[in-house]
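Contents: one structure, followed by commentary.
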Amino acid sequence: MDPKLPKPGLGFTKPFFLGIGGSGMSSLAHILADAGLDVCGYDGKRSQVTENLEKKGVKIFSSLSDLGEEVNYDAAIYSSAIRLDSHPIASFFKKKGIRFYHRSEVLHSCFEHLICVGVAGSHGKTTTTAMTGHILNELGFSPSVMVGGDVSFLNGVGGRYSSGKIGVFESDESDGTFLNHKAGIRILTNIDEDHLDFYHTREKLLEAFAKYISFGTEAVILDLDDPGIRDCLELVPDKTRILGFSSDVDAGTKFPDLKSLVHYKIENKKLIFRLDGKELEITSRFPGRHYLTNSLAALIASFILGADPSKAAIAVSGYAGVKRRLEYIGTKDGIDIYDDYGHHPTEVQAVLSSIRELSGGRGKPVILFQPHRYTRTKNLYKDFAKSLDQVDTVLLLPIYPAGEDPIEGVSSDLIANEMQIKPKILSGNLSIDLSLLKDILRPGDVFVSLGAGNVRDWGLEFLKT
């Protein structure tokens with residue numbers, strides 16, 4: 012540990028992560044390792060993520076038998092994806108009397124001494140968190156950062172504990188834990204109907220986001236063009252801490268009580284806006300309006316923290332992206348291969364809109380989509396079908412369960428049967444499916460593996476063959 016870094020008051024020194032290879036868990040593990048803790052963990056799958064942790068001295072086990080009977084861990088860290096009642100290592104630790112901490116609790120304890128920016132939203136929060144951290148890092152603020160993905164400015168990982176006075180982290184609304192974070196500055200990218208397995212109704216979801224906007228904040232940055240955010244604002248009585256941005260010239264009359272309002276317009280793939288008395292512009296190396304508006308949210312947050320807006324605009328325009336967010340992973344036989352984490356209909360729609368720009372008419376977009384979770388598929392299969400119908404060639408994998416038990420009658424066929432085009436449902440067997448991909452793909456095509464499960468493996472294996 013760098014002696015200049017303040018040691019976080021966590022109450023433990025040797026934590027063990029259950030599922031350390033997960034995106035959010037690995038980022039937090041990097042933060043604790045940077046802070047000087049003796050970090051260990053379990054993950055059943057070896058990956059570049061686990062290798063990066065091991066390079067930092069983190070010991071990773073792949074089975075319960077590797078642990079041995081004598082353990083000296085003083086904390087077990089878990090996420091909501093871990094079933095504590097059935098996970099064998101969790102059961103083992105319970106017998107040993109080891110205390111359990113949810114990852115959100117640990118993150119808050121690490122960052123509570125910092126001036127924090129928290130980023131929430133149904134879509135784009137990882138990208139916006141990374142953009143905010145990137146700006147502050149480029150401008151010399153040396154922020155501590157927790158991103159649910161691997162980013163280039165953190166040397167290919169998603170977490171860093173640093174010497175600066177600012178912390179930037181991603182807040183996860185999927186399990187309600189984002190309400191436990193106490194960031195003084197908050198960004199809310201958008202609100203869509205996701206995670207209804209947890210919230211059950213859209214009304215409950217909006218109530219949770221209204222609390223996120225209202226509770227303990229000094230400033231909240233909102234995209235006022237988002238329909239979900241506009242609906243949510245009806246549940247927020249005090250809007251005087253909100254900094255909104257909008258392309259609607261009448262937004263000022265529609266939202267008269269805001270702390271401030273930034274108007275913007277998008278022309279020739281540039282976002283143009285005024286801030287601090289200056290007209291500025293943002294560009295992006297990634298296609299799609301959402302990248303530009305996420306950049307603006309990140310810039311406004313950085314401006315509140317003291318960043319020069321002109322320098323921040325230059326910095327965010329050079330943002331290099333997050334792994335699995337429309338990530339280019341290679342080219343084979345004239346076919347460009349991309350991968351994206353999008354697993355909600357709105358995300359799918361945004362990715363497909365961007366892909367049309369990337370293909371540039373040279374060939375056809377080919378989408379391999381893997382539905383994520385039975386509950387999400389059951390609730391949103393019609394919306395998935397509508398989003399996927401934007402392109403002519405769609406392939407579907409079986410549902411990736413993400414720890415859920417199957418639901419009778421819920422499969423990828425639900426989506427396929429609602430689509431106007433006729434997608435082909437693949438087997439889920441890599442070798443069989445790759446043979447089919449070779450028959451479909453031609454030079455000039457753009458192939459996208461899309462989903463939150465292991466769909467990326469199909470693109471990676473295609474590059475190897």
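In the numbering used here, the protein residues as written are 12 to 476. Virtual Cβ for every residue (Gly too), placed ideally from N, Cα, C. Quick caveat, the model's predicted, so the values are computed rather than measured.
Can you list, in chain order, the residues of its chain whose CB lies under 7 Å from that of residue i, leaving out five sequence neighbours each side?
{"i": "Val466", "result": "Leu379, Gln381, Leu408 and Ser460"}
{"i": "Gly345", "result": "Pro454 and Gly455"}
{"i": "Glu149", "result": "Ala326"}
{"i": "Asp234", "result": "Thr200, Asn201, Ile240, Phe256, Thr304 and Ala308"}
{"i": "Pro14", "result": "For Pro14, the predicted structure reports a pLDDT of 48, less than 50, and the residue's modelled location is therefore unreliable. The matter cannot be settled from this model."}
{"i": "Arg171", "result": "His41, Ile42, Asp45, Ser155, Val156 and Leu165"}
{"i": "Val82", "result": "Lys107"}
{"i": "Ile146", "result": "Ala309, Leu310, Ser313, Ala318, Ala323, Ala326 and Val327"}
{"i": "Leu452", "result": "Ile346, Val377 and Phe458"}
{"i": "Pro417", "result": "Tyr385"}
Would residue i be called buried (16 or more neighbouring beta carbons within 10 Å of its own) or exposed?
{"i": "Thr251", "result": "exposed"}
{"i": "Ile432", "result": "exposed"}
{"i": "Arg57", "result": "exposed"}
{"i": "Tyr339", "result": "exposed"}
{"i": "Gln360", "result": "buried"}
{"i": "Lys334", "result": "buried"}
{"i": "Asp350", "result": "buried"}
{"i": "Gly135", "result": "buried"}
{"i": "Arg110", "result": "exposed"}
{"i": "Asp205", "result": "buried"}
{"i": "Pro356", "result": "buried"}
{"i": "Phe395", "result": "buried"}
{"i": "His124", "result": "exposed"}
{"i": "Glu245", "result": "exposed"}
{"i": "Phe226", "result": "exposed"}
{"i": "Leu75", "result": "exposed"}
Mapping DSSP to helix, strand and coil, what is residue i?
{"i": "Pro26", "result": "strand"}
{"i": "Thr404", "result": "strand"}
{"i": "Pro14", "result": "Bear in mind that a pLDDT of 48 at Pro14, under 50, signals an unreliable position, so the number given afterwards is only what the model happens to contain. Pro14: coil per DSSP, three-state reduction."}
{"i": "Ala11", "result": "No answer is possible for residue 11: the residues shown for the chain start at 12 and end at 476."}
{"i": "His113", "result": "strand"}
{"i": "Arg336", "result": "coil"}
{"i": "Glu415", "result": "coil"}
{"i": "Tyr349", "result": "strand"}
{"i": "Asp424", "result": "helix"}
{"i": "Leu147", "result": "helix"}
{"i": "Lys67", "result": "coil"}
{"i": "Ala44", "result": "helix"}
{"i": "Glu429", "result": "helix"}
{"i": "Ile315", "result": "helix"}
{"i": "Ile93", "result": "coil"}
{"i": "Val459", "result": "strand"}
{"i": "Lys250", "result": "coil"}
{"i": "Gly35", "result": "helix"}
{"i": "Tyr193", "result": "First, the amino acid is wrong: residue 193 is Lys here, not Tyr. DSSP places Lys193 in coil when its eight states are reduced to three."}
{"i": "Ile240", "result": "helix"}
{"i": "Phe395", "result": "helix"}
{"i": "Phe220", "result": "helix"}
CB-CB under 8 Å to residue i, same chain, minus the five flanking residues each way: which ones, in chain order?
{"i": "Met12", "result": "Residue placement at Met12 is flagged as unreliable, the pLDDT there being 48, under the threshold of 50; the coordinate-derived value follows with that caveat. Cβ within range, chain order: Lys18, Asp45, Ala46 and Gly47."}
{"i": "Trp469", "result": "Leu379, Leu408, Leu441, Asp444, Leu445, Leu448 and Ser460"}
{"i": "His383", "result": "His354, Ile410, Tyr411, Ala413, Gly462, Ala463 and Gly464"}
Going by the C-beta, is residue i closer than 8 Å to any heavy atom of the ligand FMN?
{"i": "Glu80", "result": "This structure lacks the ligand FMN, and indeed carries no ligand of any kind."}
In terms of residues, what are the limits of the beta strand (DSSP E) holding residue i?
{"i": "Ala230", "result": "Ala230 to Asp234"}
{"i": "Phe380", "result": "Pro376 to Phe380"}
{"i": "Tyr155", "result": "Per the sequence presented here, residue 155 reads as Ser, with Tyr not at that position. Run containing Ser155: Ser155 to Val162, per the beta strand (DSSP E) assignment."}
{"i": "Ser257", "result": "Ile253 to Ser257"}
{"i": "Arg296", "result": "No beta strand (DSSP E) holds Arg296; DSSP gives it neither H nor E."}
{"i": "Val168", "result": "Val168 to Arg171"}
{"i": "Tyr53", "result": "Cys51 to Tyr53"}
{"i": "Val179", "result": "Ile177 to Glu181"}
{"i": "Gly129", "result": "Ile126 to Ala131"}
Since residue i contacts residue j with CB under 8 Å, what's their CB separation in whole angstroms?
{"i": "Gly144", "j": "Val156", "result": "4 Å"}
{"i": "Glu229", "j": "Ile196", "result": "6 Å"}
{"i": "Tyr411", "j": "Gly353", "result": "At roughly 13 Å, the Cβ-Cβ gap does not stay under 8 Å, so Tyr411 and Gly353 are not in contact."}
{"i": "Ala324", "j": "Leu291", "result": "5 Å"}
{"i": "Leu286", "j": "Pro320", "result": "5 Å"}
{"i": "Met142", "j": "Tyr330", "result": "5 Å"}
{"i": "Ile177", "j": "Leu316", "result": "6 Å"}
{"i": "Lys193", "j": "His119", "result": "7 Å"}
{"i": "Phe72", "j": "Tyr53", "result": "5 Å"}
{"i": "Phe189", "j": "Tyr223", "result": "6 Å"}
{"i": "Gly31", "j": "Ser38", "result": "Before going on, a small fix: residue 31 reads as Ile here, not Gly. About 10 Å separates the two Cβ atoms, so there is no contact after all."}
Less than 6 Å between C-beta atoms, sequence neighbours within five positions excluded: which residues of the same chain meet that for residue i?
{"i": "Asp208", "result": "Thr386"}
{"i": "Cys51", "result": "Phe27 and Lys70"}
{"i": "Glu184", "result": "Ala131"}
At which residues does the alpha helix (DSSP H) containing residue i begin and terminate?
{"i": "Pro99", "result": "Pro99 to Lys107"}
{"i": "Lys276", "result": "Here Lys276 belongs to no alpha helix (DSSP H); instead the beta strand (DSSP E) covers Ser271 to Glu278."}
{"i": "Tyr473", "result": "A quick correction: the sequence has Phe, not Tyr, at residue 473. Start and end: Arg467 to Lys475."}
{"i": "Ile283", "result": "Premise fails: Ile283 lies in the beta strand (DSSP E), Lys281 to Leu286, not in any alpha helix (DSSP H)."}
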